[in-house]
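Notes follow once the structure below has been shown.
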């Protein structure tokens, strides 16, 4: 029984998922269905958590909108998530960044950015 579930889930895994991690700034393009119409809506913010593995893997994105913190959880392998773009890479030393929930203003979105060294 377990082999059948594994085979079915392998077929539905996406292969073009970019390698992003907690702390990175991302833009998530999601398909939104409104009646008969379909459109793509973007949600950009900082990845504060990644959970699960395989077909159940998901990640949480947080942003500040009109002074309020907004978080959304996206399944990585969902057909409704059309594309994930990495805006900026970060250098974090944590697996989850839940401490951002308690910060206000600019500090709530500041994460150490990764510096690219020339010549190496």
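In the numbering used here, the protein residues as written are 89 to 208. Beta carbons are placed, not taken as given, at the ideal position from N, Cα and C, and that holds for glycine. Owing to the predicted nature of the structure, the values given are computational and were not obtained by experimental measurement.
Same chain, Cβ closer than 7 Å to residue i, five either side skipped, listed in chain order
{"i": "residue 183", "result": "110"}
{"i": "residue 197", "result": "134 and 152"}
{"i": "residue 199", "result": "111, 134, 178 and 180"}
{"i": "residue 90", "result": "none"}
{"i": "residue 105", "result": "164 and 172"}
Contact check, residue i vs residue j, beta carbons under 8 Å
{"i": "residue 139", "j": "residue 132", "result": "no"}
{"i": "residue 156", "j": "residue 114", "result": "no"}
{"i": "residue 170", "j": "residue 103", "result": "no"}
{"i": "residue 148", "j": "residue 161", "result": "yes"}
Close beta carbons around residue i, own chain, < 6 Å, minus the five adjacent residues each side
{"i": "residue 158", "result": "151"}
{"i": "residue 195", "result": "none"}
{"i": "residue 190", "result": "none"}
Spatially closest choice to residue i from the options, by CA coordinates
{"i": "residue 164", "options": "194, 90, 120 and 142", "result": "142"}
{"i": "residue 121", "options": "186, 162 and 168", "result": "168"}
{"i": "residue 192", "options": "99, 127 and 154", "result": "154"}
{"i": "residue 107", "options": "195, 190, 194 and 176", "result": "176"}
{"i": "residue 187", "options": "137, 95 and 94", "result": "137"}
{"i": "residue 97", "options": "123, 144, 116 and 189", "result": "144"}
Residues near residue i in its chain [Cβ-Cβ closer than 8 Å; skip 5 each side]
{"i": "residue 125", "result": "none"}
{"i": "residue 101", "result": "142, 143 and 165"}
Checklist entry - Taking the runs of the beta strand (DSSP E) that are 3 residues or longer, which of them lie wholly in the stretch 150 to 195? => result 156 to 163 and 169 to 176
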